[in-house]
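Numbering (this note's numbering), first residue to last: 12 to 162.
Using N, Cα and C, we set each Cβ at its ideal position, and we do this for glycine too.
Heads up, the thing below is written out as structure tokens.
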């Protein structure tokens, strides 16, 4: 199955994330909760795409970041997450999927009182990410770049 960003936007990536979320019994037992930070594990990687699972305790977040040119999608499996972009925020509940293109910058966070679990699909596999902060006028300011070796 080829899961590239050219598949009608991110439909293929969103479909893969949705299918994995619906079949979470295959991998949910691997999830851990870590009060020190988000826990994550890569479930799958090949030349075409990769899949990550992430657990989120209340208050944990990614901070603003991009995906280094990869498109992606994530599905909320348990709980709810908030996705913030510059000037906007939306809540995604269990069963909801969010797909995004190669230039998407967001901050995903658990603002609820309960843990959350999500599954993420990226194509091509992540090779880098850029971290951002919001400047005084609400603009993105690059903080640093990370490579896959950093995770």
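Express the C-alpha separation of residue 152 and residue 32 in angstroms, rounding to a whole number.
Rounded to the nearest angstrom, the two C-alpha atoms are 33 Å apart.
I'd like the list of long-range same chain contacts for residue 47, defined as Cβ closer than 6 Å, with 5 residues on each side in sequence excluded.
If we look at residue 47 and ignore the five residues flanking it on each side, it has no Cβ neighbours.
Just how far apart, CA to CA, sit residue 59 and residue 107?
Taking the straight line from one Cα to the other gives about 24 Å.
What is the DSSP secondary structure of residue 160, counted as helix, strand or coil?
Here residue 160 sits in helix by DSSP.
Contacting residues, own chain, Cβ-Cβ under 7 Å from residue 104 (five flanking each side not counted)
Annotation for residue 104: 87, 91 place their beta carbon closer than 7 Å to its own, counting only its chain and skipping 5 residues before and after.
As assigned by DSSP and simplified to three states, the class of residue 105
Here residue 105 sits in coil by DSSP.
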